[in-house]
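Scroll down for the structure; my scribbles are underneath it.
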Amino acid sequence: MPHLKSFHSLTPVGPTVNYYDFLLGRPELKSSSDYTLFVDAMTGKKRRFRETLARIEECATALNSAKKDGGLEIKPESKEVVGILSENCLEYPVLALALLKISVPVVFIPAHLPTDDTTALLIRASIRTLFISPKLYARRLEAVMASGVPEERVFILQGHVEGKTNLSELINNVKLRSLPSVPTQPVRSDTLACVMFSNGTAGFSKAAMISHQNLYHSTVKAEIMRQMPGQENAPPATSEKIPISLAAIPFDHTTGANAFILRLFVTPTTLVILPQWNVDLVVKILLQHTITQITMVPSMMYQLLNHPEFSKVDLDNLESISTSAGQLHSDFDEKFERRADNASLTEGTCTLFLEERDPKSSRSRYGLSERTLAVIAQPFPGVFKGRVERKRGLTGILPPGVKARIERGDGSEADFSEAEELFLRGRGPSEGYFNDRKNTPENPTPIGRRRIGDRSVADELAYVDRGVKETFKFHGAHASPSEIEKVIRGHPEVADCAIAGVRAVHDSGGFVPRAWLVLSASAKAKGVDRALKAIEKFVRDRVSERQWLHGGFEVIDEIPRLPSGKILRRQLQHTHESRERRKVRELAKL
Numbered sequence: 001m002p003h004l005k006s007f008h009s010l011t012p013v014g015p016t017v018n019y020y021d022f023l024l025g026r027p028e029l030k031s032s033s034d035y036t037l038f039v040d041a042m043t044g045k046k047r048r049f050r051e052t053l054a055r056i057e058e059c060a061t062a063l064n065s066a067k068k069d070g071g072l073e074i075k076p077e078s079k080e081v082v083g084i085l086s087e088n089c090l091e092y093p094v095l096a097l098a099l100l101k102i103s104v105p106v107v108f109i110p111a112h113l114p115t116d117d118t119t120a121l122l123i124r125a126s127i128r129t130l131f132i133s134p135k136l137y138a139r140r141l142e143a144v145m146a147s148g149v150p151e152e153r154v155f156i157l158q159g160h161v162e163g164k165t166n167l168s169e170l171i172n173n174v175k176l177r178s179l180p181s182v183p184t185q186p187v188r189s190d191t192l193a194c195v196m197f198s199n200g201t202a203g204f205s206k207a208a209m210i211s212h213q214n215l216y217h218s219t220v221k222a223e224i225m226r227q228m229p230g231q232e233n234a235p236p237a238t239s240e241k242i243p244i245s246l247a248a249i250p251f252d253h254t255t256g257a258n259a260f261i262l263r264l265f266v267t268p269t270t271l272v273i274l275p276q277w278n279v280d281l282v283v284k285i286l287l288q289h290t291i292t293q294i295t296m297v298p299s300m301m302y303q304l305l306n307h308p309e310f311s312k313v314d315l316d317n318l319e320s321i322s323t324s325a326g327q328l329h330s331d332f333d334e335k336f337e338r339r340a341d342n343a344s345l346t347e348g349t350c351t352l353f354l355e356e357r358d359p360k361s362s363r364s365r366y367g368l369s370e371r372t373l374a375v376i377a378q379p380f381p382g383v384f385k386g387r388v389e390r391k392r393g394l395t396g397i398l399p400p401g402v403k404a405r406i407e408r409g410d411g412s413e414a415d416f417s418e419a420e421e422l423f424l425r426g427r428g429p430s431e432g433y434f435n436d437r438k439n440t441p442e443n444p445t446p447i448g449r450r451r452i453g454d455r456s457v458a459d460e461l462a463y464v465d466r467g468v469k470e471t472f473k474f475h476g477a478h479a480s481p482s483e484i485e486k487v488i489r490g491h492p493e494v495a496d497c498a499i500a501g502v503r504a505v506h507d508s509g510g511f512v513p514r515a516w517l518v519l520s521a522s523a524k525a526k527g528v529d530r531a532l533k534a535i536e537k538f539v540r541d542r543v544s545e546r547q548w549l550h551g552g553f554e555v556i557d558e559i560p561r562l563p564s565g566k567i568l569r570r571q572l573q574h575t576h577e578s579r580e581r582r583k584v585r586e587l588a589k590l
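Going by full-length UniProt numbering, the sequence shown wraps up at 590, each residue one higher than the last.
Okay, here's the thing in structure tokens:
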């Protein structure tokens, strides 16, 4: 199989420019009329576009100004990085973009982690200045102190904690003293812009280094991908005639950071900001407000579609639902499209930069923290003169400037339709892992390609499917949890599920698939045993024998997930294995 190339045109190399100036220096942004940019979903507080721009400038001045003037004196030459540890809030994008302006890297610290993991990440990122939410200050102060962050360099991002300075007070000081705005700081091609942590579901979180050039290329690629034939949609039926997007995915997640911070001003959009994902609250907001866009990960979509109140939601004004960080099962794709005639379902990292799209299209895009943009994407309808059309169930084609190769374990090229390891090459990959030399050399290959870690397949039209991830071996053959989950979620009596490999008890074949199920109300009414037998037959009729649920079933109330929605498979495996070991010990006592 030859190297796969993108159908899109190449991205320009572009100038070495601070991404902040590139993002905010575009002519269409300077001439844009004012609009409501942020709405706090919990309090109703609003912030306008022009007000936010001014606040970012004032925040940059507060960060960069001398301590004698009440500033924090954070300078790029000090090589300092600044951490944000907070739930979603209005000040989160303000601080992050202000740090980009003064060329000081911002580190998005995952807010969901336990104390020990938080300490480890703060140490790894060498954080010496931290902005934190009041809630996490109360819960994670021990972790912060253990990491070595000086107490006097811990500030409150939004809200109040007695004895601590918050961001609003720092900005007010700039206004009171009439401090002059600081200029945007210059950058080099490899100047670090931000650090994003992986979810760590398959190991400890890695800190991907994203440069200003990475961000530039990702945004330019997005612009190239959206330049397509077709009719422009009519303005949304909102009071300001712009989209209203529900921002519930964590800002510290790659998808949240890209959609709601790093590409915030690409297209005029109002963000209704929730502190964190809560499906009950999301449904309540959809019932009460006009929302035209939602960005989620697939597991959030499953929760939403299976919520008992979701059937009452009027979807007439909903134009798009975007999912990312995983493949959405086609049954849910179709279920949503039946509910929302006017909306498109987009599987990908961000829809805010999509101004023109077929309202009936459904696109898939899959990205990585290390690349800052989708690495595989479903094509828009009508592009490339019809040479490449959307294929339901497959991931898509390569974005601009990206090449791919699928290799066997011995380094030879895989044939078409043969599932082996995916390698990518092109502009946009990160500079490596922050303060982690051990893992950084393992990712780039000797000839500049980047090992992705997914088993993938491709066809003659360069269509790639990344749907074969997190596999385990059963009798020497790969079994994919995500593939089995897709099948099970197609059963009408399954509200949610998770698959993980557990050790075979009476077999030397290694690991076997085990299912954790959340049953629907109708399944519980009919009887759990009856439902499980029906589900087992449903699975056996649709998958190969190696993917049968040899590890059994377990009915639980809720699938454990990260705030981003990713399943905590290791937690399920650990709980199961601990219980099995206890059984063995109890039997040994008899």
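Beta carbons: idealized from backbone N, C-alpha and C, even for Gly.
Compute the distance between the beta-carbons of residue i and residue j, then report whether it is under 8 Å.
i	j	result
Thr-254	Met-196	yes
Ser-242	Tyr-20	Reading off the sequence, residue 242 comes out as Ile, not Ser. Result no, Cβ atoms of Ile-242 and Tyr-20 do not sit closer than 8 Å.
Leu-85	Ile-56	no
Thr-115	Val-82	no
Leu-274	Leu-281	yes
Ala-193	Leu-100	yes
Arg-569	Ala-479	no
Val-518	Asp-496	yes
Leu-102	Ala-60	The residue asked about is misnamed: residue 102 is Ile in this sequence, not Leu. The answer is yes: Cβ separation under 8 Å.
Glu-87	Lys-30	no
Phe-423	Arg-408	no
Ile-156	Ile-132	yes
Ala-120	Val-107	no
Of the choices the options, whose alpha-carbon is the least far from that of residue i?
i	options	result
Tyr-92	Ala-498, Lys-67, Leu-63 and Asp-252	Asp-252
Trp-277	Val-297, Pro-105 and Ile-261	Val-297
Ile-127	Tyr-137, Pro-150 and Arg-140	Pro-150
Phe-511	Ser-133, Leu-271, His-491 and Glu-577	Glu-577
Leu-63	Gly-551, Pro-180, Phe-265 and Ile-499	Pro-180
Asp-557	Arg-124, Val-494, Arg-514 and Leu-318	Val-494
Leu-37	Lys-46, Ser-31, Lys-30 and Leu-29	Lys-46
Ala-521	His-307, Val-539 and Thr-238	His-307
Val-174	Leu-72, Arg-503, Ala-234 and Thr-119	Leu-72
Val-182	Ile-156, Glu-152, Pro-76 and Ala-138	Pro-76
Arg-530	Ser-544, Gln-547, Phe-553 and Arg-542	Phe-553
Pro-105	Glu-413, Val-187, Ile-171 and Thr-43	Val-187
Pro-236	Asp-415, Glu-319, Thr-119 and Phe-434	Glu-319
Leu-53	Asp-69, Glu-80, Leu-90 and Val-17	Leu-90
Trp-516	Leu-287, Asn-18, Ile-559 and Ser-147	Ile-559
Determine the burial state of residue i: buried for a count of at least 16 other Cβ atoms within 10 Å of its Cβ, exposed for fewer.
i	result
residue 617	Because the chain spans 1 through 590 in this model, residue 617 falls outside it and cannot be assessed.
Gln-293	buried
Gln-158	buried
Lys-312	exposed
Val-584	exposed
Cys-350	Because the pLDDT of Cys-350 is 34, which lies under 50, any placement of that residue in the model is unreliable, and the number read from its coordinates should be weighed accordingly. So Cys-350 counts as buried.
Ser-508	Low per-residue confidence applies at Ser-508: pLDDT is 49, beneath 50, and the placement is therefore not dependable, though the value from the model is reported in the following sentence. Its Cβ having fewer than 16 others within 10 Å, Ser-508 is exposed.
Ser-65	buried
Pro-268	buried
Leu-562	buried
Gln-303	buried
Pro-492	exposed
Met-163	Here the sequence assigns Gly to residue 163, which means Met is not the residue at that position. By the neighbour-count rule (16 or more Cβ atoms within 10 Å), Gly-163 is not buried but exposed.
Pro-27	exposed
Need the endpoints of the alpha helix (DSSP H) that residue i sits in, please.
i	result
Gly-256	254-257
Pro-537	Per the sequence presented here, residue 537 reads as Lys, with Pro not at that position. That run of the alpha helix (DSSP H) goes 528-540.
Leu-130	It is not in any alpha helix (DSSP H) - Leu-130 instead sits in the beta strand (DSSP E) that spans 129-132.
Cys-497	Premise fails: Cys-497 lies in the beta strand (DSSP E), 494-503, not in any alpha helix (DSSP H).
Leu-23	19-24
Val-94	91-101
Ile-56	49-64
Leu-122	115-124
Ile-171	167-177
Terminal residues of the continuous beta strand (DSSP E) containing residue i?
i	result
Cys-194	192-197
Gln-293	293-296
Leu-271	270-273
Val-82	82-85
Asp-280	From DSSP, Asp-280 is part of no beta strand (DSSP E) but of the alpha helix (DSSP H) over 279-288.
Thinking residue i and residue j are a contact (beta carbons under 8 Å), I'd like their distance in whole angstroms, please.
i	j	result
Thr-219	Ser-245	With a Cβ gap of about 18 Å, Thr-219 and Ser-245 do not count as contacting.
Thr-191	His-212	5 Å
Asn-317	Thr-290	5 Å
Pro-513	Leu-572	With a Cβ gap of about 12 Å, Pro-513 and Leu-572 do not count as contacting.
Val-543	Val-487	6 Å
Can you determine whether any heavy atom of the ligand SAM sits closer than 7 Å to the C-beta of residue i, and answer yes or no?
i	result
Asn-18	Absence of the ligand SAM is noted for the structure shown, with no ligands found whatsoever.
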